[in-house]
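All remarks here apply to the structure that follows.
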Amino acid sequence: MARVLVQREVFDLGAESALLSEGRTDVGGIASFVGICRADDGLAAMTLEHYPGMTERALAAIAAQAESRWPLTGCTVIHRHGRMLPGDPIVLVLTASRHRIAALESCAFLIDWLKTKAPFWKAEEFADGTTRWVDAKAEDDAATARWGA
Amino acid sequence: MARVLVQREVFDLGAESALLSEGRTDVGGIASFVGICRADDGLAAMTLEHYPGMTERALAAIAAQAESRWPLTGCTVIHRHGRMLPGDPIVLVLTASRHRIAALESCAFLIDWLKTKAPFWKAEEFADGTTRWVDAKAEDDAATARWGA
Amino acid sequence: MKLLYFAWVRQKVGLAEETVTPPPEVRDVAGLMSWLATRSPGHADAFAHAAQIRAAVNQDFAPASTPVAANDEVAFFPPVTGG
Amino acid sequence: MKLLYFAWVRQKVGLAEETVTPPPEVRDVAGLMSWLATRSPGHADAFAHAAQIRAAVNQDFAPASTPVAANDEVAFFPPVTGG
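Protein chains in written order, with our numbering: chain Z, 1471 to 1619; chain X, 1471 to 1619; chain S, 9 to 91; chain D, 9 to 91.
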């Protein structure tokens, strides 16, 4: 069973990684990905809205999909919501396995699927006071599709 | 320029990841991989021998290769040597980029290349007192080859 | 039937959620969207471009042909942009 | 010429490093390995299976045809197993 959290608070990469290996000796590798808020085009902040209830279900389903495709010893998905400033971490994916390729591939899979299958919406705020909703990207659909969604 | 370290001491994943994003707002994602000593077949400990001088050169060359192939904003490679117990972390690779795919792919590339191009040798100690040198794996050569080495 | 709106759908409708009793001819997500578009200028604005709206029925993504019933929770929102 | 040995090559030779002056007919890594095999029973044991040994000249991986000269640092070791 994956560890899935939806929260406003910052997560702790080191502590989350340690949780996946502590007290066990069958983990050969832990892959991780941290998604961070960039300050593109004068972006001042970004607010992530989500669908409480469905978000947790969707993240758990995505993590279960990864666990069914790769032999993982552990899997953690933490997605923040609320207002983020440039440089703030937004999402954390961690996958642990006996072998590195399972960990690395499933980590890439999870972040690709999160982009297109988790109910989050980003609103960008710019330095000039304007705001806009981020459009879904065709490249994210393509990235999801490469896993035979 | 990548941050490359060869050391006996444990590394700090959280602190190393933070180094790659602190004070900047152009990093969109940080991928990492931590390789850990497994207790396969009654393994009690593992000693990593290396070639001081050449190791640092080889790791820097591998990291430079990743930086030339992907648009990275940062890259860290830390490889431990000495005696490891099951559960101990051995190697850390971190890659940061504006976009997730560059970070994820270069992280996988780095760990594949480390396996076949960095001068480390592993000696395994078993619970019954026997020791043996780990043989290089054909699958690691294949993993390196997929990057068009 | 409980309805939830997110992102610009929420902003255009002017509500985060509402409870409605659609007429019996509303049988699926597509029918619900057509009916909702008649409820207010905000709803009309939100549902004017149905192709840009996604739905979930009882917290699962649902295509326009998905049946809806009185006790369902139905959500409308733009394509997701998480991660 | 400074020689370094690692892993089981080091164990079989019985030395981690040594300084040698090969005869002039030793011109490359392959020639150096053949000459080293004659230096002691340990060397002979280590270099008996040359196909299993890799080399580095001045800290770069080097195929058997790589030239070697008096001031070079040459290392012999099994295929690497890091990561």
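Note that CB positions come from ideal geometry on N, CA and C, so glycine has one too.
Between which two residues does the beta strand (DSSP E) harbouring residue i extend?
{"i": "residue 1545 of chain X", "result": "1542-1550"}
{"i": "residue 69 of chain D", "result": "68-70"}
{"i": "residue 1591 of chain X", "result": "1590-1596"}
{"i": "residue 1499 of chain Z", "result": "1499-1506"}
{"i": "residue 74 of chain S", "result": "No beta strand (DSSP E) holds residue 74 of chain S; DSSP gives it neither H nor E."}
{"i": "residue 1518 of chain Z", "result": "1513-1520"}
{"i": "residue 1474 of chain X", "result": "1473-1477"}
{"i": "residue 81 of chain S", "result": "81-85"}
{"i": "residue 1559 of chain X", "result": "1559-1567"}
{"i": "residue 1490 of chain Z", "result": "Unbroken run through residue 1490 of chain Z is the alpha helix (DSSP H), 1483-1491; no beta strand (DSSP E)."}
{"i": "residue 64 of chain D", "result": "62-65"}
Quick check: what's the CA-CA separation for residue i versus residue j?
{"i": "residue 1481 of chain Z", "j": "residue 27 of chain D", "result": "54 Å"}
{"i": "residue 1596 of chain Z", "j": "residue 1548 of chain Z", "result": "26 Å"}
{"i": "residue 42 of chain D", "j": "residue 1520 of chain X", "result": "25 Å"}
{"i": "residue 32 of chain S", "j": "residue 44 of chain S", "result": "14 Å"}
{"i": "residue 1518 of chain X", "j": "residue 1485 of chain X", "result": "24 Å"}
{"i": "residue 46 of chain S", "j": "residue 52 of chain S", "result": "6 Å"}
{"i": "residue 1598 of chain Z", "j": "residue 1566 of chain Z", "result": "43 Å"}
{"i": "residue 1593 of chain X", "j": "residue 15 of chain D", "result": "8 Å"}
{"i": "residue 37 of chain D", "j": "residue 48 of chain D", "result": "18 Å"}
{"i": "residue 1530 of chain X", "j": "residue 61 of chain S", "result": "49 Å"}
{"i": "residue 1538 of chain X", "j": "residue 1585 of chain X", "result": "19 Å"}
{"i": "residue 29 of chain S", "j": "residue 58 of chain S", "result": "21 Å"}
{"i": "residue 11 of chain D", "j": "residue 50 of chain D", "result": "15 Å"}
{"i": "residue 40 of chain S", "j": "residue 1615 of chain Z", "result": "29 Å"}
{"i": "residue 17 of chain D", "j": "residue 84 of chain D", "result": "7 Å"}
{"i": "residue 1479 of chain X", "j": "residue 1483 of chain Z", "result": "19 Å"}
{"i": "residue 1590 of chain Z", "j": "residue 88 of chain S", "result": "5 Å"}
{"i": "residue 63 of chain S", "j": "residue 54 of chain S", "result": "13 Å"}
{"i": "residue 34 of chain D", "j": "residue 71 of chain D", "result": "15 Å"}
Quick check on this structure: which residue in the options has the alpha carbon closest to the alpha carbon of residue i?
{"i": "residue 1489 of chain X", "options": "X:1506, X:1524, X:1551 and X:1543", "result": "X:1543"}
{"i": "residue 5 of chain D", "options": "D:89, D:74 and D:79", "result": "What the structure shows of chain D is the stretch from 9 to 91, and residue 5 of chain D is not part of that stretch, so it cannot be assessed."}
{"i": "residue 1497 of chain X", "options": "X:1487, X:1539 and X:1600", "result": "X:1487"}
{"i": "residue 1556 of chain X", "options": "Z:1493, Z:1472 and Z:1611", "result": "Z:1493"}
{"i": "residue 90 of chain D", "options": "X:1567, X:1572 and X:1528", "result": "X:1528"}
{"i": "residue 1541 of chain Z", "options": "Z:1553, Z:1574, Z:1504 and Z:1506", "result": "Z:1574"}
{"i": "residue 1553 of chain X", "options": "X:1471, X:1507, X:1563 and X:1531", "result": "X:1507"}
{"i": "residue 1495 of chain X", "options": "Z:1495, Z:1484, Z:1491 and Z:1510", "result": "Z:1510"}
{"i": "residue 1535 of chain X", "options": "X:1560, X:1514 and X:1577", "result": "X:1577"}
{"i": "residue 1435 of chain Z", "options": "S:82, S:38 and S:39", "result": "Residue 1435 of chain Z cannot be examined here, being either before or after the span of chain Z that is shown, 1471 to 1619."}
{"i": "residue 1525 of chain X", "options": "X:1474, X:1614 and X:1567", "result": "X:1474"}
{"i": "residue 1513 of chain Z", "options": "Z:1612, Z:1558 and Z:1586", "result": "Z:1558"}
{"i": "residue 1515 of chain Z", "options": "Z:1572, Z:1537 and Z:1560", "result": "Z:1560"}
{"i": "residue 1491 of chain X", "options": "X:1564, X:1539 and X:1532", "result": "X:1564"}
{"i": "residue 1532 of chain Z", "options": "Z:1613, Z:1615 and Z:1588", "result": "Z:1588"}
{"i": "residue 1476 of chain Z", "options": "Z:1545, Z:1551 and Z:1483", "result": "Z:1551"}
{"i": "residue 1613 of chain Z", "options": "X:1571, X:1612 and X:1591", "result": "X:1571"}
{"i": "residue 1471 of chain X", "options": "X:1590, X:1591 and X:1545", "result": "X:1545"}
{"i": "residue 1499 of chain X", "options": "Z:1591, Z:1562 and Z:1590", "result": "Z:1562"}
If you follow the alpha helix (DSSP H) that residue i is in, where does it begin and where does it stop?
{"i": "residue 1586 of chain X", "result": "1570-1587"}
{"i": "residue 1537 of chain X", "result": "1524-1539"}
{"i": "residue 41 of chain S", "result": "37-44"}
{"i": "residue 25 of chain S", "result": "Taken as a continuous stretch (DSSP letters only), residue 25 of chain S belongs to no alpha helix (DSSP H), being part of the beta strand (DSSP E) at 25-27."}
{"i": "residue 1601 of chain Z", "result": "It is not in any alpha helix (DSSP H) - residue 1601 of chain Z instead sits in the beta strand (DSSP E) that spans 1601-1603."}
{"i": "residue 10 of chain D", "result": "No alpha helix (DSSP H) holds residue 10 of chain D; the beta strand (DSSP E) holding it covers 10-13."}
{"i": "residue 1611 of chain Z", "result": "1608-1615"}
{"i": "residue 57 of chain D", "result": "Here residue 57 of chain D belongs to no alpha helix (DSSP H), and DSSP marks it neither H nor E."}
With a threshold of 16 other CB atoms inside 10 Å of the CB of residue i, please say whether the residue is buried or exposed.
{"i": "residue 1610 of chain X", "result": "buried"}
{"i": "residue 1600 of chain Z", "result": "exposed"}
{"i": "residue 1569 of chain X", "result": "exposed"}
{"i": "residue 86 of chain S", "result": "buried"}
{"i": "residue 1602 of chain Z", "result": "exposed"}
{"i": "residue 1618 of chain Z", "result": "exposed"}
{"i": "residue 56 of chain D", "result": "exposed"}
message = Can you confirm whether the stretch 58-75 of chain S touches the stretch 1594-1608 of chain X when touching is taken to mean that 3 or more C-beta pairs between the two stretches lie within less than 8 Å?
response = No contact exists between the stretch 1594-1608 of chain X and the stretch 58-75 of chain S.
key: Stretch-stretch touch, CB-based, cutoff 8 Å, three pairs: the stretch 1575-1584 of chain X with the stretch 1497-1509 of chain X   = The stretch 1575-1584 of chain X and the stretch 1497-1509 of chain X touch, with no fewer than 3 CB-CB distances between them shorter than 8 Å.
request  = Give a yes or no on contact between the stretch 18-27 of chain D and the stretch 71-88 of chain S, applying the rule of three or more CB pairs nearer than 8 Å.
outcome  = No: the two stretches stay apart, fewer than three of their Cβ pairs being nearer than 8 Å.
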